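Student: Residue numbers for the sequence shown follow the working numbering, so the first one is 223 and each next one is one higher.
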Amino acid sequence: MKGKKKIVIIAVVLIVIAIIVVANLKKDSRKKVPVEVGEVKRGRIVQKVNASGYLVPVTEVKISANVSAKIMKITVEEGDTVKKGQLLVELDSAQYKAAYERALSSLESSKANRKKVISDLNRVKTLYEKKLASKAELEAAIAQAELAESNVVQAEAMVKQAYDDLSKTRIVSPIDGIVTDVRKEVGEIALGSVFQADVIMVVADLSKMKAKVEVDETDVVNIVEGDTATIEIDAIPDKIFKGKVIEIAHSANIRNLGTQEQVTDFDVEIMLTDSDPRLRPGMSLTADIVTDVSDSALIVPIQCVTARTSPDLQKANKNQPQEIVFVVKYPGELPDTSKYKSYGVPVALARPVKIGLSSDTHFEIVEGLKEGELVVTGSYKAISKELEDGSPVKIVNKPEKEAGK
Numbered sequence: 223m224k225g226k227k228k229i230v231i232i233a234v235v236l237i238v239i240a241i242i243v244v245a246n247l248k249k250d251s252r253k254k255v256p257v258e259v260g261e262v263k264r265g266r267i268v269q270k271v272n273a274s275g276y277l278v279p280v281t282e283v284k285i286s287a288n289v290s291a292k293i294m295k296i297t298v299e300e301g302d303t304v305k306k307g308q309l310l311v312e313l314d315s316a317q318y319k320a321a322y323e324r325a326l327s328s329l330e331s332s333k334a335n336r337k338k339v340i341s342d343l344n345r346v347k348t349l350y351e352k353k354l355a356s357k358a359e360l361e362a363a364i365a366q367a368e369l370a371e372s373n374v375v376q377a378e379a380m381v382k383q384a385y386d387d388l389s390k391t392r393i394v395s396p397i398d399g400i401v402t403d404v405r406k407e408v409g410e411i412a413l414g415s416v417f418q419a420d421v422i423m424v425v426a427d428l429s430k431m432k433a434k435v436e437v438d439e440t441d442v443v444n445i446v447e448g449d450t451a452t453i454e455i456d457a458i459p460d461k462i463f464k465g466k467v468i469e470i471a472h473s474a475n476i477r478n479l480g481t482q483e484q485v486t487d488f489d490v491e492i493m494l495t496d497s498d499p500r501l502r503p504g505m506s507l508t509a510d511i512v513t514d515v516s517d518s519a520l521i522v523p524i525q526c527v528t529a530r531t532s533p534d535l536q537k538a539n540k541n542q543p544q545e546i547v548f549v550v551k552y553p554g555e556l557p558d559t560s561k562y563k564s565y566g567v568p569v570a571l572a573r574p575v576k577i578g579l580s581s582d583t584h585f586e587i588v589e590g591l592k593e594g595e596l597v598v599t600g601s602y603k604a605i606s607k608e609l610e611d612g613s614p615v616k617i618v619n620k621p622e623k624e625a626g627k
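(1) Anyone know if the C-beta pair for L277 and M505 falls short of 7 Å?
(2) Report the residue from S601, S581 and V618 whose alpha carbon sits nearest the alpha carbon of V268.
(3) With distance defined between alpha-carbon atoms, name the residue in L596, K382, L556 and Y562 nearest to V549.
(4) Which partner residues of G465 appear in the DSSP bridge assignment?
(5) In chain order, what residues of the same chain have a beta carbon less than 6 Å from the beta carbon of V424, not counting five sequence neighbours either side?
(6) From A273, P279, E608 and V575, pick the residue whose C-alpha is nearest to that of T495; which is it?
(7) Measuring straight from C-alpha to C-alpha, what distance separates D302 and I400?
(8) Under the rule that 16 or more other beta-carbon atoms within 10 Å means buried, what is T440, buried or exposed?
(9) Pull up the CB-CB distance for M493 and K576, whole angstroms please, since I reckon it's below 8 Å.
(10) Spatial neighbours of E390 within its chain, please: CB distance less than 6 Å, with the 5 preceding and 5 following residues excluded, ordered by chain position.
(11) V259 and I524 look like a contact to me (Cβ under 8 Å); what is the Cβ gap, rounded to whole Å?
(12) Taking C-alpha atoms, which residue in K603, D387 and S356 lies nearest to S322?
(13) Could you check if A604 belongs to the surroundings of the ligand COA, using beta carbon to heavy atom distance under 6 Å?
(14) Keeping to the same chain, check which residues put their C-beta closer than 8 Å to that of V527; ignore five residues upstream and five downstream.
(15) Output the boundary residues of the beta strand (DSSP E) element that contains D387.
(16) Short check: CB of E282 to CB of A426, under 7 Å?
(17) Ends of the alpha helix (DSSP H) at A334?
(18) Give every residue of the same chain whose Cβ lies closer than 6 Å to the Cβ of I295, excluding the five residues on either side of it in the sequence, and list them in chain order.
(19) So, is the C-beta of I267 closer than 7 Å to a C-beta in chain B?
(20) Report buried or exposed for E491, applying the criterion of at least 16 other Cβ atoms within 10 angstroms of its Cβ.
The structure is reproduced here in structure tokens:
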């Protein structure tokens with residue numbers, strides 16, 4: 223009997239050992255995904271909108287003629303500095319001088335005629351008072367005097383107009399600045415038109431410049447006038463310029479309308495608060511416009527967040543991708559009721575999150591995570607493809623927090 227009892231005990235022990243071995247084999251057989259982890263922290267996050275564009279002067283004047291004539295002289299070249307009132311262009315003034323002289327002559331004739339008519343009127347008045355002239359003769363003399371006065375006024379207006387036209391044959395700079403473009407040559411005809419300017423040259427004040435950038439329609443809604451910006455100019459890589467948003471277009475620039483490549487952008491103008499003699503109109507640039515800042519946001523590296531469609535994640539519409547972060551929990555942190563506790567190793571739990579601000583490197587998490595929790599930060603392959611809710615993980619870096627070990 224003792225022998226049989228001993229055999230039974232040995233058999234029970236062997237069975238227990240077998241169960242333990244099988245359990246360990248099953249546990250060890252679970253594939254552990256190698257991951258890097260980091261701690262959820264609070265920190266400063268700056269949300270920016272990136273856009274590209276070019277430099278334009280704040281003040282730029284297109285110089286054109288107000289009268290039509292041949293260009294006789296251009297006194298400046300591209301790149302010259304000019305002062306307000308400085309002569310830029312001389313037009314052929316011969317016909318305008320002749321017109322002015324004719325107007326002066328006509329004025330003198332009108333004045334002489336007025337003088338004669340007034341003398342005649344005074345003579346008729348005297349005769350009328352002596353009853354030697356009729357009332358009709360007096361009224362006719364008065365009418366002639368009024369007509370003569372009207373002719374003088376008209377002649378004076380013609381002199382003024384002729385002088386104005388003559389003065390327009392000398393074109394001067396309306397501002398202090400630099401000649402940035404000369405489009406006409408001596409001998410060409412400058413067309414004076416109020417409907418379509420025939421530009422002779424361009425003068426710009428380069429001491430005040432602004433950046434003109436195109437912002438995507440999804441980003442422009444986050445920008446307001448007064449937002450600060452940093453500007454990098456391709457031709458001046460050794461300096462970062464600062465600026466402020468001064469204007470946001472209300473109408474869009476639409477390219478490839480009605481196609482899959484349709485692009486909708488809005489022009490945004492940024493006033494540069496720095497000056498530099500190297501700045502030139504048309505220089506290419508990239509601007510980072512600061513749209514929001516939080517000094518104590520709950521942040522995670524941008525690569526932590528991925529989008530998944532999973533029936534295991536609680537969401538009203540499970541067919542829509544949901545933004546999640548994989549939170550790492552050690553066995554000691556899991557509740558006794560968790561099905562993952564028996565794994566005996568750290569697991570990655572998919573946690574739906576709500577994102578606030580975003581920067582080039584981090585997301586603000588406004589819902590779904592707590593400060594100090596461990597989250598998976600890498601690799602990209604692990605986060606985007608390999609990990610599932612509850613996946614066992616092998617931590618390959620040294621996190622600051624190793625709770626539950």
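The beta carbon of each residue, even a glycine, is placed where N, CA and C say it ideally should be.
Just so you know, these numbers come straight off a predicted model, no measurement behind them.
Tutor: Put simply:
(1) yes
(2) S581
(3) L596
(4) A451 and L494
(5) K284, T402 and D403
(6) P279
(7) 6 Å
(8) exposed
(9) That pair is no contact at about 36 Å.
(10) Reading the sequence as shown, one finds Lys at residue 390 and not Glu. Correct list, in chain order: N288 and V289.
(11) Their Cβ separation, rounded to whole angstroms, is 16 Å, which puts V259 and I524 out of contact at 8 Å.
(12) Looking at the sequence shown, residue 322 is not Ser but Tyr. When each option's Cα is compared against that of Y322, the closest is D387.
(13) Among the components of this structure there are no ligands whatsoever, and the ligand COA is therefore not found.
(14) E545, I546, V547, V575, I577 and F585
(15) That residue, D387, is in no beta strand (DSSP E); its alpha helix (DSSP H) goes K357 to S389.
(16) yes
(17) A316 to E351
(18) Inspection of the sequence shows that residue 295 is occupied by Lys rather than by Ile. Counting only Cβ-Cβ distances below 6 Å, and skipping sequence neighbours, we find E312.
(19) The chain labelled as chain B is not found in the depicted structure, where only one protein chain is given.
(20) buried
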